[in-house]
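Taking it in order: structure first as structure tokens, then the write-up.
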Amino acid sequence: MATLLRAALRPLRPPPGHRGPAADVLLRGVRHGAGQLYPEHIPTSPLQKVLLAAGSAGMALYNPYRHDMVAVLGETTGLRALKVLRDQMKRDPEGAQILQERPRILLSTLDLDKLRSLPEGSLGQEYLRFLDVNRVSPDTRAPTRFVDDEELAYVIQRYREVHDMLHTLLGMPTNMLGEIVVKWFEAVQTGLPMCILGALFGPIRLHTQGLQVLVSELIPWAVQNGRRAPCVFNLYYERRWEQPLRALREELGITDPPMLVRALA
Numbered sequence: 039m040a041t042l043l044r045a046a047l048r049p050l051r052p053p054p055g056h057r058g059p060a061a062d063v064l065l066r067g068v069r070h071g072a073g074q075l076y077p078e079h080i081p082t083s084p085l086q087k088v089l090l091a092a093g094s095a096g097m098a099l100y101n102p103y104r105h106d107m108v109a110v111l112g113e114t115t116g117l118r119a120l121k122v123l124r125d126q127m128k129r130d131p132e133g134a135q136i137l138q139e140r141p142r143i144l145l146s147t148l149d150l151d152k153l154r155s156l157p158e159g160s161l162g163q164e165y166l167r168f169l170d171v172n173r174v175s176p177d178t179r180a181p182t183r184f185v186d187d188e189e190l191a192y193v194i195q196r197y198r199e200v201h202d203m204l205h206t207l208l209g210m211p212t213n214m215l216g217e218i219v220v221k222w223f224e225a226v227q228t229g230l231p232m233c234i235l236g237a238l239f240g241p242i243r244l245h246t247q248g249l250q251v252l253v254s255e256l257i258p259w260a261v262q263n264g265r266r267a268p269c270v271f272n273l274y275y276e277r278r279w280e281q282p283l284r285a286l287r288e289e290l291g292i293t294d295p296p297m298l299v300r301a302l303a
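In the working numbering, the protein residues as written are 39 to 303.
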């Protein structure tokens with residue numbers, strides 16, 4: 039168990055001689071050892087998954103910013119939801135193409151100069167602005183380790199790398215209130231247990247004013263938009279950089295949030 043936890047907390051720095059993110063872009067089903075399905079895969083028994091889920095849930099609820107523990111929780115509890123999400127993608131032409139080509143959203147795959155040159159209000163321009171303003175990087179997303187199916191491993195990796203895109207789509211900052219709103223949207227869209235737990239227990243850390251606004255306005259807005267929008271993981275975002283963000287929101291049926299959340303954090 040201790041070995042598994044150390045593996046889950048392992049730094050994301052590549053080892054000497056590692057070929058960089060591009061080498062692992064496809065997450066294909068190549069065996070790298072006994073029972074290993076993809077480069078970062080750590081095979082685990084059902085009992086080990088239960089223990090990992092319990093430990094990571096406790097740590098994630100204690101400190102929602104422990105993204106490493108949130109990642110472990112998602113991998114050890116989300117099998118059924120990941121299968122449903124995978125099947126939704128397979129039934130959609132754009133989603134099926136994503137599963138076939140398995141693009142990755144990493145600094146090594148983003149043409150930052152091109153994104154900066156895009157028109158004001160485009161998805162690419164707004165996504166880059168989100169990264170700059172909030173000082174976040176797509177490379178901070180943890181690699182998948184505990185999913186025992188390489189296709190589902192890609193699905194949850196895609197979910198992680200699209201998370202910042204959802205912040206951009208929903209107009210949500212990365213403060214606690216903004217993260218909770220995105221988690222409610224993701225919970226409705228994916229059914230992932232970690233999203234549901236984050237949506238339900240995240241609000242306990244909010245101050246009174248933020249909690250009132252969340253319950254009365256922002257949660258209903260997030261749930262309504264999550265139900266109305268088609269599966270947002272069927273969007274090949276990398277081929278939509280030039281699309282106006284406003285047009286993409288209209289395509290998905292996503293309305294403007296009822297109020298700014300940044301001032302209430």
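We treat Cβ as the ideally placed atom computed from N, Cα and C, and that holds for glycine.
Can you list, in chain order, the residues of its chain whose CB lies under 8 Å from that of residue i, leaving out five sequence neighbours each side?
i, result
"residue 157", "163, 280 and 282"
"residue 148", "176"
"residue 272", "126, 127, 130, 132, 133 and 136"
Looking only at its chain, what residues have a beta carbon closer than 6 Å to the beta carbon of residue i, apart from the 5 residues adjacent to it on each side?
i, result
"residue 99", "239"
"residue 197", "none"
"residue 290", "267"
"residue 97", "104 and 107"
"residue 82", "184"
"residue 153", "162 and 166"
"residue 234", "225"
"residue 73", "81"
"residue 95", "111"
"residue 269", "126"
Please state the DSSP three-state secondary structure of residue i.
i, result
"residue 160", "strand"
"residue 141", "coil"
"residue 59", "Residue placement at residue 59 is poorly supported in this model, since its pLDDT is 40, which falls under 50; the coordinates still yield a value, given next. Three-state result, residue 59: helix."
"residue 282", "strand"
"residue 72", "Caution applies to residue 72, whose pLDDT of 48 falls short of 50 and renders its modelled position unreliable; the value that the coordinates give is listed next. Three-state result, residue 72: coil."
"residue 66", "Note on residue 66: pLDDT 46, under 50, position unreliable in the model; the coordinate value appears next. Reduced to three states, the DSSP call for residue 66 is coil."
"residue 202", "helix"
"residue 116", "coil"
"residue 249", "helix"
"residue 231", "helix"
"residue 184", "coil"
"residue 225", "helix"
"residue 93", "helix"
"residue 130", "coil"
"residue 146", "coil"
"residue 98", "helix"
"residue 303", "Low per-residue confidence applies at residue 303: pLDDT is 48, beneath 50, and the placement is therefore not dependable, though the value from the model is reported in the following sentence. Residue state, collapsed to three classes: coil."
"residue 210", "coil"
"residue 242", "helix"
"residue 177", "helix"
Considering only the beta carbon of each residue, do residue i and residue j sit closer than 8 Å?
i, j, result
"residue 216", "residue 201", "no"
"residue 292", "residue 252", "no"
"residue 176", "residue 144", "yes"
"residue 208", "residue 296", "no"
"residue 121", "residue 190", "yes"
"residue 109", "residue 180", "yes"
Excluding the five sequence neighbours on either side, which residues of its own chain have a C-beta within less than 7 Å of the C-beta of residue i, listed in chain order?
i, result
"residue 237", "218, 221, 222 and 225"
"residue 112", "194, 230 and 232"
"residue 203", "165 and 275"
"residue 212", "172, 174 and 205"
"residue 260", "219, 222 and 223"
"residue 155", "none"
Under 8 Å by Cβ, that's how I've got residue i and residue j pegged, so tell me the actual separation to the nearest angstrom.
i, j, result
"residue 278", "residue 161", "6 Å"
"residue 159", "residue 284", "7 Å"
Would you say the beta carbon of residue i is closer than 7 Å to some non-hydrogen atom of the ligand HEM?
i, result
"residue 269", "No copy of the ligand HEM appears in this structure; indeed no ligand is present at all."
State whether the segment 167 to 187 contacts the segment 111 to 123, with contact taken as three or more CB pairs (one from each stretch) at a distance under 8 Å.
Judged by Cβ distances under 8 Å, the segment 167 to 187 makes contact with the segment 111 to 123, as three or more pairs qualify.
Counting Cβ pairs closer than 8 Å, one from the segment 127 to 138 and one from the segment 167 to 179, do we hit at least three?
Contact between the segment 127 to 138 and the segment 167 to 179 is absent, because fewer than three Cβ pairs lie under 8 Å.
With a threshold of 8 Å, are at least 3 pairs of Cβ atoms found where one atom belongs to the segment 121 to 128 and the other to the segment 240 to 251?
Verdict: no, contact absent.
Is the segment 255 to 269 touching the segment 226 to 236 in the sense that three or more CB pairs, one from each, lie closer than 8 Å?
A contact exists between the segment 226 to 236 and the segment 255 to 269.
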